[in-house]
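Read the first sequence against this note's numbering and you will find it ends at 377, with the numbers running on by one and no gaps.
By construction, the Cβ of each residue, glycine as well, lies at the ideal position given by its N, Cα and C atoms.
These numbers come from a predicted model, not from an experiment.
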Amino acid sequence: MQFTISAKDKHSKARAGEVSTAHGQIQTPIFMPVGTAGTVKAVHQHELKEDIKAQIILGNTYHLYLRPGLEVIEQAGGLHKFNGWEKPILTDSGGYQVFSLSDRRKITEEGAMFQSHIDGSKLMFSPESVMDIQRTIGADIIIAFDECTPYPCEKDYASNSMERTHRWLERCIAHFDASQGKYGYEQTLFPIVQGSVYPDLRKKSAEFIASQNRPGNAIGGLSVGEPVEDMYAMTELVCDILPQDKPRYLMGVGTPQNIIESIALGVDMFDCVMPTRNARNGMLFTSEGIINIRNEKWKRDFSPLDSMNHTYVDSQYSKAYLRHLFISKEYLSGMIASVHNLGFYLWLVSEARQRIINGDFVQWKDEILPKLGRRL
RNA sequence: GGGGAGAUAGCCAAGUGGCCAACGGCAACAGACUGUAAAUCUGUCCUCUUCGGAGUUCGAAGGUUCGAAUCCUUCUCUCCCCA
C-alpha cells in the first residue's frame, strides 16, 4: 500500500492524497461506506460505484465470521469475489463489537470471548485469529484487534485497556507479518490508537502506534458518546503525533460537520453507519441541512429531494414522494435515502479534497459548516 | 313479521359497580441514531395546564347507587338467523 500527499492546506492541517491498494486507488480525504455483513445495506453495488462513487467500502470481521462463515468466503475466493465489489475493501476487526456487544462478551488477556448474537454459541476472538479471519476475508486494509472503550470510562480502565490493546497489537503484527494473503495480493494492517478522552493516554498511545511504523494508522475509541469538543481535541492531539506521510483513519466518524472538522485536523479516512442507518430511518443529509423526510411538512412538497443533485435520486424523486414511501414502509424508501446520503457524503469529501488542492478549504469549510447541521 | 347479537377515543378492540381518562393493536405526530444485534428504538396521542393537576367522555334520554362504560327503563341505529 502506498500513500502520496498531493496537496497540503496552508490554513489548516488538511491534506489531499492518494492511497493505492491492490484493488485500486483511493483519493483522500475519503468517506468509506459501511458494509458490515458484506453489503452496504439497501444499496446496489452498481449505485455504489456509478452514482455514489464510493472508492472503498467496509466489511466486518465479527459479522462475516458468523455469517456466511469463513468456508463460504474462502470458497468464493474472498469477499471481493463473493460480493462483486472490485474496488478496495477495509475490514474492521471486531473491536467495535467488543464495545457494542459488551454485555455478550468477556475480555481476557488472550482476547475476547463472544456469545454470538445469532445463535448464542461461544466464540473466541484473539489477535491472532482476527488476523487469520481478515486474511481469509481478503480485505485490502485490515484492522488490528482492539477494545473500543466506552464513554464515560474511568481512567484506570482506559489505561489498562489501552495497554492491553497495545499488547494485542504486537501479537497482531507478529502474526500478520508471519502470514501472507490467501488470494495473491497485498494486504495492509492498520493499528489503532486508544486512550479514551485522556490526553496523556492518547499521547502515549499515539506514540506507541507511530513507533510500529505501519503504512497507515487508525484512531479508535471516539464518537462513542463523548462531547464533540473532546473528540476534536483527541483527534488533533493524535494527528499531531501520528506520522505525516501515512494516512490517518478516524474510525466511526461521523456527522458531516465532524468529517469536515476532522479533515481540518489532518484526518484522511472516515467511515460511519450514519448516512446509511439514518437514511433507513428517514433522515437525509444535504448541503443545506438535515431533513426528517417523515415530517408532515414534506407531505405536499413536490420539489426534488436535493437541488444539488449529487446522485440521480435527487432529481428523480420528490420530497413528497419519498415521504410517502417512508410512511408506507416501502423498501424503496431506505434505498433512495441511502443512495442520497452516501452520494452526499462522497460529494462532501471530494469537494473538501478539491478545496484543499485549490487552496480555499478553510474558507469553504466556514461557509458550509453552519448549513450542515441546520434542521430543514 | 319472528328470534338473536351488538353500539367504547381517528380505526380495530379490552373492560361488565370503585384500583378507569379507560389494557392492547393500528393509524397519526415528533424525537433518537457516529469502526451496524438497527428498514430499529423512544415519546406524544379527549380538552386545558403554571406538568402538581383541572375539566368533560364509553349510541341517546331518564333512573338505581355514596359511586355507573359496567345495573334498570325507554328510544335510536347496526349486524346475523328464520319466515
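Helix, strand or coil at residue 304 according to DSSP, with G and I counted as helix: Look at residue 304 here: in three-state DSSP terms it is coil, with no helix or strand label.
Among 25, 286, 26, 60, which residue has its Cα nearest to the Cα of residue 42? When only C-alpha atoms are compared, the closest one is 60.
For residue 6, which of 373, 354, 330 has the nearest alpha-carbon? Residue nearest to residue 6 within the set 373, 354, 330 is 354 (criterion: CA-CA distance).
Three-way DSSP call (helix, strand, coil) for residue 288 in this model: Residue state, collapsed to three classes: coil.
Can you have a look at residue 189 and say buried or exposed, based on whether 16 or more other CB atoms are within 10 angstroms of its CB? Buried: at least 16 other Cβ atoms inside 10 Å.
Taking buried to mean at least 16 other C-beta atoms within 10 Å of its own C-beta, is residue 73 buried or exposed? By the 10 Å Cβ count, residue 73 comes out exposed.
Who are the near neighbours of residue 124 in its chain, counting only those whose CB is closer than 7 angstroms to its CB and skipping five residues on each side? Excluding five sequence positions before and after residue 124, the CB atoms of its chain that fall closer than 7 angstroms to its own CB belong to 115, 117, given in chain order.
If I'm right that residue 89 touches residue 22 with Cβ under 8 angstroms, what's the distance once you round it to whole angstroms? The beta-carbon separation of residue 89 and residue 22, rounded to 5 angstroms, stays under the 8 angstroms limit for a contact.
Taking only the alpha-carbon atoms, compute the straight-line gap between residue 28 and residue 56 and give it to the nearest angstrom. Between residue 28 and residue 56, the alpha-carbon positions lie close to 8 angstroms from each other.
Residue 4 lies in the beta strand (DSSP E); which residues open and close that run? Membership of residue 4 in the beta strand (DSSP E) is indicated by the continuous run 3-9.
Could you check what DSSP says for residue 154 in three-state terms: helix, strand or coil? Three-state DSSP puts residue 154 in coil, outside helix and strand.
Let's test the definition: count the other Cβ atoms within 10 Å of the Cβ of residue 135 and tell me whether it reaches 16, buried, or not, exposed. Classification of residue 135: buried, given that the 10 Å Cβ count is 16 or more.
Between 248, 79, 220, 146, which has its C-alpha nearest residue 235's C-alpha? When each option's Cα is compared against that of residue 235, the closest is 220.
Touching or not, the stretch 169-176 and the stretch 194-204, by the rule of three or more beta carbon pairs under 8 angstroms? Counting Cβ pairs under 8 angstroms, fewer than three are found: no touch.
Where are the beta strand (DSSP E) runs, 3 residues long or more, that stay fully inside the stretch 163-244, in chain order? Segments of the beta strand (DSSP E) lying fully in the stretch 163-244: 189-191, 218-220.
Own chain, CB closer than 8 angstroms to residue 319, minus 5 neighbours either side, in chain order: Apart from sequence neighbours up to five positions away, the residues of its chain that approach residue 319 with a beta-carbon distance below 8 angstroms are 302, 303, 304, 305, 306, ordered along the chain.
Helix, strand or coil for residue 132 per DSSP? Residue 132 falls in the helix class under three-state DSSP.
With which residues is residue 270 paired in a DSSP beta bridge? BP columns for residue 270 point to 31, 250.
Between the stretch 260-271 and the stretch 236-245, are three or more C-beta pairs nearer than 8 angstroms? Touching, yes, given that three or more Cβ pairs across the two stretches are closer than 8 angstroms.
Can you say whether residue 279 is buried or exposed, counting buried as having 16 or more other CB atoms within 10 angstroms of its CB? The C-beta of residue 279 has 16 or more other C-beta atoms within 10 Å across all chains shown, which makes the residue buried.
Cut-off 6 angstroms between Cβ atoms - residues of its own chain near residue 444, not counting five sequence neighbours on either side: Only positions 2 to 377 of the chain appear in the structure, and residue 444 is not among them; the question remains open.
Go ahead and label residue 140 buried or exposed: buried means 16 or more other beta carbons lie within 10 angstroms of its beta carbon, across all protein chains shown. Around the CB of residue 140, 16 or more other CB atoms lie within 10 Å, so the residue is classed as buried.
With DSSP as the reference, label residue 352 as helix, strand or coil. DSSP, reduced to helix, strand and coil, places residue 352 within a helical segment of the structure shown.
Among 226, 228, 191, 309, which one has its Cα closest to the Cα of residue 243? Each of 226, 228, 191, 309 was checked against the Cα of residue 243, and the nearest Cα belongs to 191.
Counting along the chain, where does the alpha helix (DSSP H) carrying residue 446 start and finish? Only positions 2 to 377 of the chain appear in this structure, which leaves residue 446 out of reach.
Check for me: the alpha helix (DSSP H) holding residue 259 runs from which residue to which? For residue 259, the enclosing alpha helix (DSSP H) begins and ends at 257-265.
Cβ-based neighbour list, residue 217, same chain, cut-off 6 angstroms, excluding 5 preceding and 5 following: Cβ neighbours of residue 217 beyond the five flanking positions: 191, 247, 248.
Go ahead and pull the three-state DSSP assignment for residue 107. Of the three classes helix, strand and coil, the one that applies to residue 107 here is strand, per DSSP.
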